[in-house]
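Residue numbers (our numbering), protein chains in the order written: chain A, 908 to 1339; chain B, 3 to 343.
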């Protein structure tokens, strides 16, 4: 098979404790050797990439994306979504099951993983917890795991019934799967409840719609008394939910959470001109909640940054605010926003930013051999200039969709190459 | 930096609040918040000038200009007065309503707007059941859009005609308003404030002229956060206490069509919030009684109050035509950059 050598770059691998100039050899899709510059023993004949002046890190991992296939290819396909991911520095994404049909069967899971889908990077399907994500009957988790699913969730449709959620947590634990809960009750509202919603005449979702469900789920985890149970709270958006996760962890429970860039950067004020690019679920919250997200990331309660990449066709978002679908794209802006704000502005060390986007999400879902450059792990690497500033233009997206509130924003950190299992999946100079 | 202290967070530089490109068209009237006091004055003085003008020459002002009325909700006062106002200035008007057009077949607001523009409409007067719909229409057509009521959000021409009614009654002859024109005046808005676009436009406009706005109603129809909508707004749940302070009392209808499953005990509502002749005589014998209509006699107010000497309800309707003439004229003649408050 082929070999690839990345020479002269500054390697940062938080999980392996590497922060130095190194050459990396990838052979047969795996990291074969890491050595000081010029000291690789067996790089003969390998394709060489010159990373002088650039940073080399484990490929980013997004555990919350909507690739829209099967069934909604007009919004995104697995091919376009993973191409967008590769352009954003990602080498693995976990795909949510709210497709058409819902990914609640091994057949759909396997269809998503088939080579014909043309994925540019590794896709990990997340299966539906219940039949059709209707919150009534559990799916066969063992069969879904055997087909390739890495977690279960009814994302977009919170599992409201206590009994069903308890069974889901217990059954998933028995086969070693995580349960991801979308903790937000969605009925009839289109933005965060509060003074802004009142002023705009829009019906609001109160922060308690999230935190009360997180608290309920943590109570169920506590009652199950099974160390294998793992609850992961998707796209946490309220200070109260973060507080509940923090307390659960103090109590020794396996409860983790992710935060999306829009929830640590934007507030419900961004809805003020009825921009449907500011409509998502959970909604943009108050400034106090946004500040709580920043604090939780800086002090380490947050386990991962995940984008909730949710592409929608332009015509779907060009409607009245109340009628627009929820969600924004995120794969091509996550790194640029995290480096621009978490790192440059709020001084979170680069290694910690990268860890929140790679090693930690990999550990959270048990993605073996990902999120690290340790010898033997997958050859998933991205090479970037962490200081380069650039302006994001949605029109130049690789994603099929353009629904983002970050069009025109200044980003920091430019991806040069993204390498997925030893293959160049993205080359900023267009040679991929 | 102290790594354990949270106060450091307060010094964090945060992304800037969103910019607004609205209104795109200087002739648009989307929200009362888009108007400077100077622009409010201009509208008030044009309303008077146009009202006084000889009808036989007034219709040359916008002769043969094309104005579309796009109505997704039923309306008597607003639709008729906009139509009469536009026609009084000589404009051709056409009415498109959701029940007798391709909207029924699934045409979107964007496509309906583009179609009207292609038909030659130079301005669109929009009433819509979704809050924010005029923003979408303006962004997609770039035509002057006049908000004739959007969902639970705003009804800016109603606030302007209410202002003109108040000025005429309380401050006869006032042509020019300033930040102090309504100081000392308390306007109480009573009833279903949660679902009311009239309440929102008034509470955002009147305090800018110095008025105190008191909101009064039960918790289900008046959430506590309403007091945070802007400066000069306070809550008083007790109707009698609110009436005692009122110079103006603005009654609202319970909007059954927007209750979304909410149950209101009407007997209890009437006992607490109905404006009766007795209440008015005892607590606010000189207050001006207003109502944007449609009124439901015997519910939010009694027939006697509606028809009584303190009632300005029909004057409001009359002022509507004058204000809407000024606003339609502005839509078709405004030039330059749209001004923002």
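Ideal placement from N, C-alpha and C gives every residue a C-beta, glycine not left out.
Decide if the region 1008-1024 of chain A is in contact with the region 1240-1252 of chain A; the criterion is three or more beta carbon pairs, one per stretch, under 8 Å apart. Contact fails: fewer than three Cβ-Cβ distances are below 8 Å.
Distance check for residue 232 of chain B and residue 1191 of chain A, CA to CA, integer angstroms please. Working through the first chain from its first residue, we reach residue 1191 of chain A at position 284. Working through the second chain from its first residue, we reach residue 232 of chain B at position 230. Whole-angstrom Cα-Cα distance: 21 Å.
Close beta carbons around residue 135 of chain B, own chain, < 8 Å, minus the five adjacent residues each side: Here the question's residue 135 of chain B lines up with position 133 in the second chain. Exclusion of the five residues before and after residue 135 of chain B leaves 74, 111, 128, 152, 153 as the residues of its chain whose Cβ lies within less than 8 Å of its Cβ.
Only counting the same chain, and skipping five residues up and downstream in sequence, which positions put a Cβ closer than 7 Å to that of residue 1097 of chain A? The residue you call residue 1097 of chain A lines up with position 190 of the first chain. Here the set comprises 1109, 1110, 1186, 1228, 1229.
Compute the beta-carbon to beta-carbon distance between residue 982 of chain A and residue 1219 of chain A, rounded to the nearest angstrom, for a pair I have assumed lies under 8 Å. Taking the first chain and counting its residues from 1, one reaches residue 982 of chain A at position 75. Taking the first chain and counting its residues from 1, one reaches residue 1219 of chain A at position 312. Indeed they touch by this definition, with Cβ atoms about 6 Å apart.
Could you run through the region 105-126 of chain B and flag, in chain order, every residue whose CB is less than 7 Å away from some CB of chain A? 110, 111, 112
Can you pull out the residues from the region 1155-1185 of chain A whose beta carbon lies closer than 9 Å to at least one beta carbon of chain B? 1172, 1173, 1174, 1176, 1177, 1178, 1179, 1180, 1181, 1182, 1183, 1185
CB contact flag (residue 925 of chain A, residue 1280 of chain A, <8 Å): What you label residue 925 of chain A is simply residue 18 of the first chain in a count that begins at 1. What you label residue 1280 of chain A is simply residue 373 of the first chain in a count that begins at 1. Taking 8 Å as the Cβ cut-off, residue 925 of chain A and residue 1280 of chain A qualify as a contacting pair.
With a threshold of 8 Å, are at least 3 pairs of Cβ atoms found where one atom belongs to the region 993-1010 of chain A and the other to the region 1025-1036 of chain A? yes
Across the region 318-333 of chain B and the region 45-55 of chain B, are there enough close Cβ pairs to call them in contact, namely three or more that are closer than 8 Å? yes
Please state whether DSSP places residue 997 of chain A in a helix, a strand or coil. Here residue 997 of chain A is taken as the residue at index 90 of the first chain, counted from 1. Residue 997 of chain A falls in the strand class under three-state DSSP.
Counting contacts by CB-CB distance shorter than 8 Å, is residue 1324 of chain A in contact with chain B? The residue given as residue 1324 of chain A occupies position 417 in the first chain. With 8 Å as the cut-off, residue 1324 of chain A does not count as an interface residue toward chain B.
Neighbourhood of residue 1253 of chain A by C-beta, 8 Å cutoff - its chain only, sequence neighbours within 5 removed: Locating residue 1253 of chain A in the first chain gives position 346, counting from the first residue. Here the set comprises 1201, 1205.
Contact check, residue 140 of chain B vs residue 25 of chain B under 8 Å by CB: the rounded distance? The residue given as residue 140 of chain B occupies position 138 in the second chain. The residue given as residue 25 of chain B occupies position 23 in the second chain. Rounded, the Cβ-Cβ distance is 6 Å, consistent with contact.
Ranges of the alpha helix (DSSP H) found wholly within the region 196-255 of chain B, counting only runs of at least 4: As far as the region 196-255 of chain B is concerned, its whole alpha helix (DSSP H) runs of at least 4 residues are 199-207, 241-247.
Look up residue 313 of chain B in the DSSP assignment and say whether it is helix, strand or coil. By one-based count along the second chain, residue 313 of chain B stands at place 311. Of the three classes helix, strand and coil, the one that applies to residue 313 of chain B here is strand, per DSSP.
For chain A, find out if any of its Cβ atoms is closer than 8 Å to the Cβ of residue 9 of chain B; answer yes or no. On the second chain, residue 9 of chain B is found 7 positions in, with the first residue counted as 1. In this predicted model, residue 9 of chain B has a pLDDT of only 43, less than 50, meaning its place in the structure is not dependable; the value taken from the coordinates is given anyway. Output row for residue 9 of chain B: interface = no.
In the structure shown, what three-state DSSP assignment does residue 1333 of chain A receive? As a working mapping, residue 1333 of chain A is identified with position 426 in the first chain. Note: residue 1333 of chain A maps to strand in three-state DSSP.
Quick check: residue 1304 of chain A and residue 1233 of chain A, are their CB atoms within less than 8 Å of each other? One-based indexing of the first chain puts residue 1304 of chain A at position 397. One-based indexing of the first chain puts residue 1233 of chain A at position 326. Not closer than 8 Å, so no.
Below-8 Å beta-carbon distance, residue 1339 of chain A vs any chain B residue: The residue you call residue 1339 of chain A lines up with position 432 of the first chain. The predicted position of residue 1339 of chain A is uncertain, since its pLDDT is 49 and thus under 50; a value taken from the coordinates is nonetheless stated next. No, because no Cβ of chain B sits closer than 8 Å to the Cβ of residue 1339 of chain A.
Taking only three categories from DSSP, how would you classify residue 139 of chain B? Residue numbering aside, residue 139 of chain B sits at position 137 when the second chain is read from its first letter. Here residue 139 of chain B sits in helix by DSSP.
Helix, strand or coil: which one does DSSP assign to residue 929 of chain A? As a first step, residue 929 of chain A is located in the first chain; it is residue number 22 there, counting from the start. Residue state, collapsed to three classes: strand.
Output the distance between the C-alpha atoms of residue 332 of chain B and residue 145 of chain B, rounded to the nearest integer angstrom. Here residue 332 of chain B corresponds to residue number 330 of the second chain, with the count starting at 1. Here residue 145 of chain B corresponds to residue number 143 of the second chain, with the count starting at 1. C-alpha separation (whole angstroms): 13 Å.
Does residue 200 of chain B have its Cβ less than 8 Å from a Cβ in chain A? Position 198 of the second chain holds residue 200 of chain B. No, residue 200 of chain B lies away from the interface with chain A (no Cβ there is under 8 Å from its Cβ).
Please identify, using Cβ separations under 8 Å, the residues of the region 146-163 of chain B that lie next to chain E, in order along the chain. The displayed structure is made up of protein chains A and B, and chain E is not among them.
Taking contact to mean 3 or more Cβ pairs, one atom from each stretch, closer than 8 Å, check whether the region 1264-1271 of chain A and the region 1209-1225 of chain A are in contact. yes
Cutoff 8 Å; reference residue 944 of chain A; Cβ partners in own chain excluding five residues on either side: Sequence index remark: in the first chain, residue 944 of chain A carries index 37 (1-based). If we look at residue 944 of chain A and ignore the five residues flanking it on each side, its Cβ neighbours are 914, 915, 928, 929, 930.
Out of curiosity, what's the CA-to-CA distance linking residue 115 of chain B and residue 1225 of chain A? Within the second chain, the letter at position 113 stands for residue 115 of chain B. Within the first chain, the letter at position 318 stands for residue 1225 of chain A. Going from the Cα of residue 115 of chain B to the Cα of residue 1225 of chain A covers about 12 Å.
How should residue 121 of chain B be labelled, buried or exposed, when 16 other C-beta atoms within 10 angstroms of its C-beta is the threshold for buried? To locate residue 121 of chain B, count along the second chain from 1; it is residue 119. Within 10 angstroms of the beta-carbon of residue 121 of chain B lie fewer than 16 other beta-carbons, which makes it exposed.
Is there a Cβ of chain B sitting closer than 8 Å to that of residue 1109 of chain A, yes or no? As a working note, residue 1109 of chain A is residue 202 in the first chain. Answer yes: the Cβ-Cβ gap between residue 1109 of chain A and chain B drops below 8 Å somewhere.
For residue 160 of chain B, report the span of its alpha helix (DSSP H) as first-last. The sequence position of residue 160 of chain B within the second chain is 158, counting from 1. Counting along the chain, the alpha helix (DSSP H) containing residue 160 of chain B begins and ends at 158-172.
Touching by the beta-carbon criterion (3+ pairs, under 8 Å), the region 1294-1302 of chain A and the region 985-995 of chain A: no
Could you say which of A:940, A:1295, A:1274 lies nearest to residue 1322 of chain A if we only look at CA atoms? Walking along the first chain from the start, residue 1322 of chain A turns up at place 415. Of the listed residues, the one whose Cα sits closest to residue 1322 of chain A is A:1295.
Three Cβ pairs or more, each shorter than 8 Å: is that satisfied between the region 1126-1140 of chain A and the region 1167-1183 of chain A? no
How big is the Cα-Cα spacing for residue 10 of chain B and residue 1155 of chain A? Position 8 of the second chain holds residue 10 of chain B. Position 248 of the first chain holds residue 1155 of chain A. Only weak support is given to the placement of residue 10 of chain B: the predicted model assigns it a pLDDT of 47, under 50, and the value that follows is read from those uncertain coordinates. Whole-angstrom Cα-Cα distance: 26 Å.
Counting only Cβ pairs nearer than 8 Å, list the residues of chain B close to residue 1226 of chain A. Working through the first chain from its first residue, we reach residue 1226 of chain A at position 319. Per Cβ cutoff of 8 Å: 110, 111, 112, 138.
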